[in-house]
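For reference, the structure is listed below as structure tokens.
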Amino acid sequence: MNSVTIYLDGQPIQATTGQTIWQAARAAGIEIPALCASPNLKPYGSCRVCLCEIEGQRGFPASCTTPVRDGLRIRTDSLALNQLRRNILELYLSEQPEDALSASDTLRTLASRFGLQRIRYRRPKRRQYARDESNPYFAFDPNKCIACARCVRACDEIQGTFAITMYGRGFHSTVVAGNDVGFAASHCVSCGACVKECPTGALYEKAIAEFGQPTYVTRTTCAYCGVGCNFDVGVRAGRIVSMRPVDASPVNWGHACVKGRFGWDYIYSEDRLKKPLRRVGDRWIETSWDEALDLVVREFRRIRDQYGPDALAGISSSRGTNEENYLMQKFMRCAVGTNNVDNCARVCHSATVSGMMEVFGTWAATNSLNDIEQAKLLFLIGANPTEGHPVTGARIKRAIRRGLKLIVADPRRIELCRYAEVHLQLRPGTNVALLNGLAHIIVREGWHNREFIARRTENFDAWWEVVQQYTPERVEAITGVPPDRLYRAAELYATSGASMSAHGLGMTEHKYGSHGVMALCNLALLTGNVGRPGTGINPLRGQNNVQGSCDVGSMPIYFTAYQKLNDPAVRQKFLDVTGRPMPERPGWKIPQMWDAALAGQLRGLWVIGYDVAQTDPNLNKVHRALRQLEFLVVTDLFFNETCRFAHLVLPAASFLEKDGTFTNGERRIQRVRKVIEPMHGIIPDGEQICRVATGLGYPMSYRSAADVMEEVARLTPPLSGVRYENLDNGFGLQWPVPAVNHPGTPVMHTEQFTRGLGHFAPVEYQPPGEEPTEEFPFVLVTGRVLHHYNCGAQTRHSKLIEFVNQDVLEIHPLDADELGVRHGELVRLVSARAAIELPAALSERVAPGQVFTTFHFPDNRLNSLLSSSADILSSCPEYKVVAVRVEKISAKPRRVADVRARVLA
Amino acid sequence: MVTTLDAVLTRCRSSPPNILATLQQVQAAFGFVPLEHVPRIAAHLGVTDADVRGVISFYHDLRTSPPGRHIIRYCLGDSCRAKHTERALTALTRRLRCDFGETTTDGRFTLTKVYCLGHCALSPTMMIGEETYAQLTPRSVITALQNHP
Chain F
11 MNSVTIYLDG
21 QPIQATTGQT
31 IWQAARAAGI
41 EIPALCASPN
51 LKPYGSCRVC
61 LCEIEGQRGF
71 PASCTTPVRD
81 GLRIRTDSLA
91 LNQLRRNILE
101 LYLSEQPEDA
111 LSASDTLRTL
121 ASRFGLQRIR
131 YRRPKRRQYA
141 RDESNPYFAF
151 DPNKCIACAR
161 CVRACDEIQG
171 TFAITMYGRG
181 FHSTVVAGND
191 VGFAASHCVS
201 CGACVKECPT
211 GALYEKAIAE
221 FGQPTYVTRT
231 TCAYCGVGCN
241 FDVGVRAGRI
251 VSMRPVDASP
261 VNWGHACVKG
271 RFGWDYIYSE
281 DRLKKPLRRV
291 GDRWIETSWD
301 EALDLVVREF
311 RRIRDQYGPD
321 ALAGISSSRG
331 TNEENYLMQK
341 FMRCAVGTNN
351 VDNCARVCHS
361 ATVSGMMEVF
371 GTWAATNSLN
381 DIEQAKLLFL
391 IGANPTEGHP
401 VTGARIKRAI
411 RRGLKLIVAD
421 PRRIELCRYA
431 EVHLQLRPGT
441 NVALLNGLAH
451 IIVREGWHNR
461 EFIARRTENF
471 DAWWEVVQQY
481 TPERVEAITG
491 VPPDRLYRAA
501 ELYATSGASM
511 SAHGLGMTEH
521 KYGSHGVMAL
531 CNLALLTGNV
541 GRPGTGINPL
551 RGQNNVQGSC
561 DVGSMPIYFT
571 AYQKLNDPAV
581 RQKFLDVTGR
591 PMPERPGWKI
601 PQMWDAALAG
611 QLRGLWVIGY
621 DVAQTDPNLN
631 KVHRALRQLE
641 FLVVTDLFFN
651 ETCRFAHLVL
661 PAASFLEKDG
671 TFTNGERRIQ
681 RVRKVIEPMH
691 GIIPDGEQIC
701 RVATGLGYPM
711 SYRSAADVME
721 EVARLTPPLS
731 GVRYENLDNG
741 FGLQWPVPAV
751 NHPGTPVMHT
761 EQFTRGLGHF
771 APVEYQPPGE
781 EPTEEFPFVL
791 VTGRVLHHYN
801 CGAQTRHSKL
811 IEFVNQDVLE
821 IHPLDADELG
831 VRHGELVRLV
841 SARAAIELPA
851 ALSERVAPGQ
861 VFTTFHFPDN
871 RLNSLLSSSA
881 DILSSCPEYK
891 VVAVRVEKIS
901 AKPRRVADVR
911 ARVLA
Chain U
48 MVTTLDAVLT
58 RCRSSPPNIL
68 ATLQQVQAAF
78 GFVPLEHVPR
88 IAAHLGVTDA
98 DVRGVISFYH
108 DLRTSPPGRH
118 IIRYCLGDSC
128 RAKHTERALT
138 ALTRRLRCDF
148 GETTTDGRFT
158 LTKVYCLGHC
168 ALSPTMMIGE
178 ETYAQLTPRS
188 VITALQNHP
């Protein structure tokens, strides 16, 4: 890239060759007025507003398409230019509907800036198209469209979906969605990129239309998935009216998905819990906060005094802030005196932790999402980013256009398979065999990085003893992946120069999930693809704060940052800070809590923001365990399934109503800011905990969330430099942050691994907990869809429900044919534990012999099908492999709202 | 018709996919591009519905409804205009009782406009099917129709 100098209205500006004049000016902080140009899109040159004059050239070239050259002398502001601009804006405005003339979008703002006061055309032509209001969150008024195609280009260039297109020609040209079917019925994923780009208000947010433009914004971090997108929350008259993605965000770079961008409306749902509810017999009685918190204190004290502290347990939420999670574990350890505290990370990425600990000695993503830009190859295994982590999914698509190569290993033909060089369609539960098979080929072909292995790793020989048995033929027999594909994938991964891997719950939620993660880490060691930009092992975290809730110690067998319970120095440190000796007996993990409750050992439980009665496996057992409890208190936004078993229900504050931090999947600690006061007088979760602790004789109080973080920093080596004032830098901080003012660590293990040498972990393939039998011939895999999030507590109470309002069973057409099942027909799904009913959706995304469904809706009690089988090391439940049979019910076929079929068909 | 679409599509594989050429093939087979086929055409080419729909909307020659048995391409180029083509055109539209872009109720003719057929020396001109008619008058334009039952 060569640097050149251009002169903009006499002012010298440094630019880079390849930039346009408009881009160079913008980079220097000078905004040349434009309608069709956007910093997020490629040059287009249609609106003619950004005209300029160039010394020595005739006419008025468009600055947004004219490349810079050294020494160019450019005028962007002259009488002639502004006259031209005014005339062009007048032409645009003459076609706008009359009622729209007072709005405040870019077009009208520019018009008033250039002094356009009235339109001289007396009988201008106007179009009379119907508005498209089919999308629940935004609408399109074609009559305001100026055909600049920013929306179409955003859909293509930013989101990579191309659901909308320019339609027709000339005066009549406008935008249509899909096959002119309206936004809702098209492939549109409602990411909102088009709405954000629109310069005329033709595409507009319904909430803003209803409540008005925001008068101020507050920056915060999204509370959905582990990507951790930054948003500016717009407020008007105390009401949140919009959430716009932040352009300068190091995570989402101005992009968003439907959940984060629009799916925050649940906070205004009528269904939200407003007052504490106490169970009296079969009825729920509203009670005051004082009474409610007092009841928790009384019951916890009674149980502790009667049965000892270990009869109590707490489950905190990976959706809560770091501060709340820290307070919860401090409450359990110091105020109650037990290590019985866990969080929902147990059921998603705990296997990643145990796997990565073994090989690297650390428990988090080695690299950053931004490394996708530097990677030459992405190995995606057991993750479906376009549904689960949509902003990362869109980013992967963009990277592929620039030349990133992609390998997908997934039993399903997920959307990204379309862009993949190789799709390794393995049988569910055979990850270890597949990964060992890849390693086998890499070593046999001599593609491994001998220098890296010698310098940075240990235990290679013992590992090879195991892996050399995984010949392509044997691997094919186990996984069903043909050797030629395996070979191609191995070659790509080993020889790309920078191979990055990203995995999701398809790796972890297995009986041998930890082993799978180890096998993946082994591959990175083998090829030297770790410790530098564009490489590494990157778990895509399911919930917003899975990473953080574990980092701050909401775990039964570790303190913060996985410090050991029995380390005397650590214990002393905690004693010094908290004033209480830490309990010694390792606590129960969540699945063990259910056993303990059934055995009468666990009697009191506090669950915050986690619907165990819907999302834990083997639901019937969980329900039995919950019924056994003497006292169950649930803190949540909504009256969830677990509340049905509770004795006391406390309302929670949403992420928009409190301060704190989330740590995203790339270890980035980011601020969550209180945008509005907690509604209905709700006491936020953290304060609830502090008040109960104080009631139990262990005073806990903090002036602010920042104080909590400071305490965390004192106890937690990788976070010791984290201070709130340093989190306001616009980038957050990626731990390790060993000292205040340390810039954070985007890439880990550059010089050495946390444990010293990378440890090749020899792992053998072992069959999953259940395999198909004659009685249960299908393998059931569970996962997510774009429009919903986990148990659906938030998304089911938002307008997202208009996109998808039920779980469906994806079944291959061949299997459906054999069973005589038609699309949309209700079928019965039977496992050894239970039977449920749900509609079938015929789809070639699943392989024959497999069925897939989501777990967002509680009614069908999907997880009652699952066994208690879990990862042998981390107790992460085996959600991904269940043997089932599908039975036809002779009922009338019911219509299925299968949005996903349209996205991928 | 369903099998025919498949037959047409199997002939249209290329990388990168050629949407326009595929649509021309579809139109050659059916006389027009049935809009309900857009999702299948898109899926076959590995592009989106919007991609295909946008191309259809851009090219005037791509029709989305069944045309008449004969397509009249009536020239509105400069030379024909200079030779008062509107006189013959008025006679034609009166007889056909349809306007540009429309098909006669008996399904015999579809009237379309073009800009220059390249026979300016013999203006005004039009084509019916593959036949070219020149030096049109209000009378000759009607006679021409009779050649195309």
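Top to bottom, those sequences are chains F and U.
In this note's numbering, each number is its position in the first sequence, counted from 1, plus 10.
In this note's numbering, each number is its position in the second sequence, counted from 1, plus 47.
Where is the CB? At the ideal position from N, CA and C, for every residue including glycine.
A straight-line Cα-Cα distance of about 19 Å links Gly-768/F and Pro-728/F. Just so you know, the alpha carbons of Leu-379/F and Val-261/F end up roughly 7 Å apart.
For Lys-135/F, the closest of Gly-125/F, Phe-584/F and Lys-154/F by C-alpha to C-alpha distance is Lys-154/F.
Between Gly-834/F and chain U, the shortest Cβ-Cβ separation is not below 8 Å.
Using beta-carbon distances, Gly-101/U counts as an interface residue toward chain F, with a partner under 8 Å. For Ala-173/F, the nearest beta carbon of chain U is closer than 8 Å to its own beta carbon. In this structure Phe-310/F is buried. Its beta-carbon is surrounded by 16 or more other beta-carbon atoms within 10 angstroms. Contact between the segment 213-232 of chain F and the segment 125-141 of chain F is absent, with fewer than three C-beta pairs closer than 8 Å. No Cβ-Cβ contact shorter than 8 Å links Thr-518/F with Ala-534/F. For chain F, none of the residues of the segment 137-158 of chain U brings a beta carbon within less than 8 Å of one of its beta carbons. Under the DSSP definition of a beta bridge, Gly-793/F partners with Thr-864/F. Rounded to the nearest whole angstrom, the C-alpha separation of Gln-316/F and Val-643/F is 18 Å. Assignment of Thr-27/F by DSSP, reduced to helix, strand and coil, places it in the strand class.
The CB of Val-85/U comes closer than 9 Å to the CB of Gly-188, Asn-189 and Asp-190 in chain F, given here in chain order.
Taking the beta carbon of Phe-105/U as reference, the chain F residues within 7 Å of it are Arg-179, listed in sequence order. Rounded to the nearest angstrom, the Cβ distance from Asp-695/F to Ala-663/F is 7 Å, consistent with a contact under 8 Å. Boundaries for Glu-41/F: no alpha helix (DSSP H) harbours it, and the DSSP string shows neither H nor E there. Proximity of chain U to His-197/F at the Cβ level (cut-off 9 Å) is accounted for by Thr-95, Asp-96 and Ala-97, in chain order. By the C-beta criterion, the segment 756-767 of chain F is judged to be in contact with the segment 363-374 of chain F, since at least 3 inter-stretch pairs fall below 8 Å. Within its own chain, the residues whose Cβ lies closer than 6 Å to the Cβ of Pro-756/F, once the five positions on either side in sequence are excluded, are Ser-378 and Gln-744, listed in chain order. Interface criterion not met: the Cβ of Met-710/F is under 8 Å from no Cβ in chain U.
Between Leu-123/U and chain F, the shortest Cβ-Cβ separation is not below 8 Å. If you ignore the 5 residues before and after Ser-56/F, its C-beta comes within less than 6 Å of the C-beta of Cys-46 and Cys-158, all in its own chain and listed in chain order. Taking a C-beta cut-off of 7 Å against chain F, the contacting residues of the segment 55-88 of chain U are Leu-82, Val-85 and Pro-86, listed in chain order. In terms of Cβ geometry, Leu-139/U and Val-99/U do not form a close pair [threshold 8 Å].
Between the C-alpha atoms of Asp-605/F and Trp-299/F there is a straight-line separation of about 32 Å. Collapsing the DSSP output to three states places Pro-578/F in a helix.
For the pair Thr-175/F and Val-162/F, the CB atoms are nearer than the 8 Å cut-off. DSSP places Val-186/F inside the beta strand (DSSP E), whose first and last residues are 184-187. About 29 Å separates the Cβ atoms of Leu-143/U and Val-102/U, ruling out a contact at the 8 Å cut-off.
By the CB criterion at 8 Å, Phe-770/F and Phe-470/F fall inside the cutoff. Only residues of its own chain outside the window of five on either side were considered, and among them Trp-604, Val-622, Ala-623 and Asp-626 have a CB closer than 7 Å to the CB of Val-632/F, listed in chain order. Note: Pro-22/F is bridge-paired with Tyr-17/F in the DSSP secondary-structure output. Non-local C-beta neighbours of Gly-222/F in its own chain, meaning closer than 6 Å and more than five positions away in sequence, comprise Arg-246, ordered along the chain. CA-to-CA, the gap between Arg-733/F and Ala-749/F works out to about 10 Å. Here the segment 686-693 of chain F does not lie against the segment 316-331 of chain F, with fewer than 3 beta-carbon pairs under 8 Å apart.
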